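**Q**
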Amino acid sequence: MAGYHRPVLLREVIEALKVEAGGWYLDCTLGDGGHSIEILKKGGNVIGLDVDPQALARARVRLGKLGGLGRFILLRGNFRELKNLLGKPHVAKAMWGKQTEPEGLRFEGVLFDLGVSSLQLETPERGFSFSKIGLLDMRMDPTLGVRALDLIKAGGRKELDELFKNLGEEKYSRAISDAVVRAREVGGIKTTGDLAELVMNVYRRAGVRTWRIHPATKVFQALRIAVNDELNGLKEGLNQVIDLIENNGHILVISYHSLEDRIVKNTFRKWENEGFGQVLTKKPTTPSDEEVTNNPRSRSAKMRVFEKGIL
Ligand SMILES: C[S@@+](CC[C@H](N)C(=O)[O-])C[C@H]1O[C@@H](n2cnc3c(N)ncnc32)[C@H](O)[C@@H]1O
């Protein structure tokens with residue numbers, strides 16, 4: 051079994067949420083529950099959401115062992131359907147003592163810790179990682195219809211070029227899409243390893259001999275974003291969340307690449323201009339050198355915090 055995901059910017063998240071005993075907090079990306087556990091330990095109550103049933107099953111066991119620390123409700127679903135998920139009558143009922151009507155649900159804080167978990171990255175058959183050989187899948191939600199392999203098989207050369215360029219910011223998108231089209235004609239791409247090798251060969255042919263991050267990182271990122279429709283999901287999730295926050299409550303988003311961060315920055319700025327409250331992070335919070343050394347997966351993290359005003 052993959053080890054538990056190490057929560058990123060944990061101390062900073064807990065400080066920014068200003069967790070109060072008895073308060074309700076919404077963790078939109080539960081994963082292994084690393085952030086939620088700390089909220090529960092401080093006496094907060096948590097509604098945790100994840101689109102991945104494996105994540106939910108693991109977190110249920112892990113959080114269940116904490117016994118009596120705070121209350122938690124776990125829901126499977128995509129945060130792009132936040133209001134529908136929270137509108138289920140049993141959710142409002144479980145938050146008794148606070149509110150009983152779904153329309154009235156309000157949280158002291160909301161967290162989005164975007165991207166993939168260690169569980170997803172380290173399970174080869176989920177197909178997320180170029181360093182674990184598995185079929186190119188990349189669905190966080192296993193009920194989605196299209197896998198990364200389907201995009202690789204069906205995409206036109208131009209479509210693949212645009213996908214790698216727009217969602218991966220990949221410099222060699224044209225050469226990589228050409229190589230994909232050539233390779234698939236001979237049935238040459240099925241696994242994460244096949245694709246990683248293909249990208250590596252394109253880099254080598256382009257004369258690139260050294261790299262800071264694996265050459266396939268951006269192509270994998272582009273496919274993952276497309277398979278899970280991540281950017282639209284983020285916009286839709288954020289649009290719903292502003293109504294779900296108490297006055298003086300906080301919305302925290304940790305993003306891991308510039309496309310996500312741009313959406314967060316622009317949404318927060320728009321809310322500020324519309325008078326919903328204020329952006330507390332003029333510059334995003336990033337992990338300390340020590341955290342990056344201890345947990346290299348945190349290296350690209352950027353956290354932005356919005357505080358809702360008194361409306
Ligand atoms: C980076 S991990 C979260 C790790 C967690 N904070 C922890 O410390 O254990 C991101 C999680 O969010 C989930 N996720 C990503 N996009 C989602 C979405 N649109 N709706 C619901 N869950 C999502 C993924 O399945 C994954 O389990």
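Using the numbering used here, the first residue of the sequence shown is number 51, and each one after it goes up by one. Don't be surprised by glycine CBs; every beta carbon is placed ideally from N, CA and C. Remember, predicted model here, so these are calculated numbers, not experimental data.
(1) By a C-beta neighbour count over all protein chains shown, 10 Å radius and 16 as the cutoff for buried, is SER34 buried or exposed?
(2) I think LYS240 touches LEU302, with their Cβ atoms under 8 angstroms apart; what is that distance to the nearest whole Å?
(3) Between the alpha carbons of VAL277 and GLY257, how many angstroms are there, rounded?
(4) Measuring CB atoms only, is the region 268-288 touching the region 186-202, in the sense that at least three cross pairs come out at less than 8 angstroms?
(5) Per DSSP, what are the beta-bridge partners of ILE263 in this structure?
(6) With DSSP as the reference, please indicate the residues paired to ASP228 in a beta bridge.
(7) Go through the region 71-147 residue by residue and report every complete run of the alpha helix (DSSP H) that reaches 4 residues or more, in order.
(8) Would you check if there are 3 or more beta carbon pairs closer than 8 angstroms linking the region 88-105 to the region 119-134?
(9) Have a look at the DSSP bridge pairing and note the partners of ASP163.
(10) From which residue to which residue does the beta strand (DSSP E) around LYS352 run?
(11) Rounded to a whole number of angstroms, what is the C-alpha to C-alpha distance between LYS208 and VAL329?
(12) Between the C-alpha atoms of ARG234 and LEU201, what's the straight-line distance to the nearest angstrom?
(13) Does the beta-carbon of PRO103, which I'm using as the reference point, lie nearer than 7 angstroms to any heavy atom of ligand 1?
(14) How would you call SER181, buried or exposed, if buried means at least 16 neighbouring beta carbons within 10 angstroms?
(15) Would you mind sorting ARG254 into buried or exposed? The rule is 16 or more other CB atoms within 10 Å of its CB.
(16) Quick check on the DSSP output: the alpha helix (DSSP H) that includes VAL249 runs from which residue to which?
(17) What is the DSSP secondary structure of ASN345, counted as helix, strand or coil?
(18) Out of GLY94, PHE129, ILE87 and MET250, which has the shortest C-alpha to C-alpha gap to ARG112?
(19) Beta-carbon separation of SER308 and VAL58 under 8 angstroms?
(20) Do you know offhand how far LYS332's Cα is from TYR75's?
(21) Could you have a look at GLY205 and say whether DSSP puts it in helix, strand or coil?
(22) Pull up the DSSP beta-bridge partners for LEU294, would you.
(23) When every heavy atom of ligand 1 is checked, does at least one fall within less than 7 angstroms of the C-beta of ARG130?
(24) Check ARG196 in the structure and name its three-state DSSP category.
(25) Pull up the DSSP beta-bridge partners for LEU185, would you.
(26) Helix, strand or coil for GLY177 per DSSP?
(27) Report whether the distance from the Cβ of PRO57 to the nearest heavy atom of ligand 1 is below 7 angstroms.
(28) Go to VAL329, then tell me how far its beta strand (DSSP E) extends in each direction, as first and last residue.
(29) Flag SER41 as yes when its Cβ comes closer than 7 angstroms to any non-hydrogen atom of ligand 1, and as no otherwise.
**A** Short version:
(1) A query on residue 34 cannot be resolved here, the shown segment of the chain reaching from 51 to 361 and no further.
(2) In fact, because the Cβ distance is near 39 angstroms, the residues do not count as touching under 8 angstroms.
(3) 31 angstroms
(4) yes
(5) ILE263 is not bridged to any residue.
(6) In DSSP, ASP228 forms no bridge with anything.
(7) 84-91, 103-114, 132-136 and 139-144
(8) Enough Cβ pairs lie closer than 8 angstroms, so yes.
(9) DSSP output for ASP163 lists ILE304 as bridge partner(s).
(10) 352-358
(11) 39 angstroms
(12) Cα atoms of ARG234 and LEU201: separation of roughly 12 angstroms, rounded to the nearest angstrom.
(13) no
(14) Exposed, by the Cβ-count rule.
(15) With fewer than 16 Cβ atoms within 10 Å of its Cβ, ARG254 is classed as exposed.
(16) 242-255
(17) coil
(18) ILE87
(19) No; because the gap between Cβ atoms is not below 8 angstroms, this pair is not in contact.
(20) 24 angstroms
(21) Here GLY205 sits in coil by DSSP.
(22) None; LEU294 has no bridge partner.
(23) yes
(24) Residue identity check: residue 196 is Val in the sequence provided, not Arg. Coil.
(25) THR241
(26) Note: GLY177 maps to coil in three-state DSSP.
(27) yes
(28) 327-329
(29) Residue 41 is absent from the model: the chain starts at 51 and stops at 361.
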